[in-house]
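Reviewing the structure listed below.
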Amino acid sequence: MAGEGIGNSNPFSSAGHRWTWGDQDQAAKVLRATGVDGAGRIVLGNHARPGTIRGILKASGSTRALADAALDALVAVIEALRRAGTASTWEDDQAHTGSLLVVTGLRLSPREYGREGGQVVVMADYECAVLELDGKP
């Protein structure tokens, strides 16, 4: 993958955003023996790691309808990733990479409109939930 994004796209690049990662749990087995103080622990592997991409989706057009259509296209890319549920390659805003990221949810705020020059601009805050499956720290 060349540059930040998921799979072959970066639907989050229209305005500012930030990737954050949750804590990653480990699958482990604790062993104890009769007559021995303490315990041993064997790490069996890492669980998936939850993450969130937060930011602003922004689009513009010569009319409000065209601006809305451009923003709808960005949302459609993210929703297609969520509906497909397939794991994709990824690179976050800190250049961390992996090969098994799944988009699990998307929340959008109400749209806000403005003007930049002769263009209508539409923006919406978003929060995209992801799950990184390959157990990388």
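Using the working numbering, you'd call the opening residue of the sequence shown number 1 and step up by one each time.
Note that beta-carbon positions come from the ideal geometry of N, C-alpha and C, so glycine has one too.
- Around the beta carbon of V120, a 10 Å sphere encloses 16 or more other beta carbons of the protein chains shown; the residue is thus reported as buried.
- In the three-state reduction of the DSSP assignment, E4 falls in the coil class.
- Judged by beta-carbon spacing, I53 lies beyond the 8 Å limit of D125, meaning their Cβ atoms are not closer than that value.
- L133 carries a coil assignment under DSSP once its states are collapsed to helix, strand and coil.
- Bridge pairing for I42: K29 [DSSP].
- Cβ-Cβ distances below 8 Å link D25 to N46 and H47 in the same chain, with the five nearest sequence neighbours on each side left out; the list follows chain order.
- In the structure shown, the three-state DSSP call for R111 is coil.
- Taking C-beta atoms as the reference points, K58 and S14 count as a pair closer than 8 Å.
- A Cβ-Cβ separation of about 12 Å leaves I78 out of contact with V102 under the 8 Å criterion.
- Going by DSSP, A73 is part of no beta strand (DSSP E) but of the alpha helix (DSSP H) stretching over R64 to A84.
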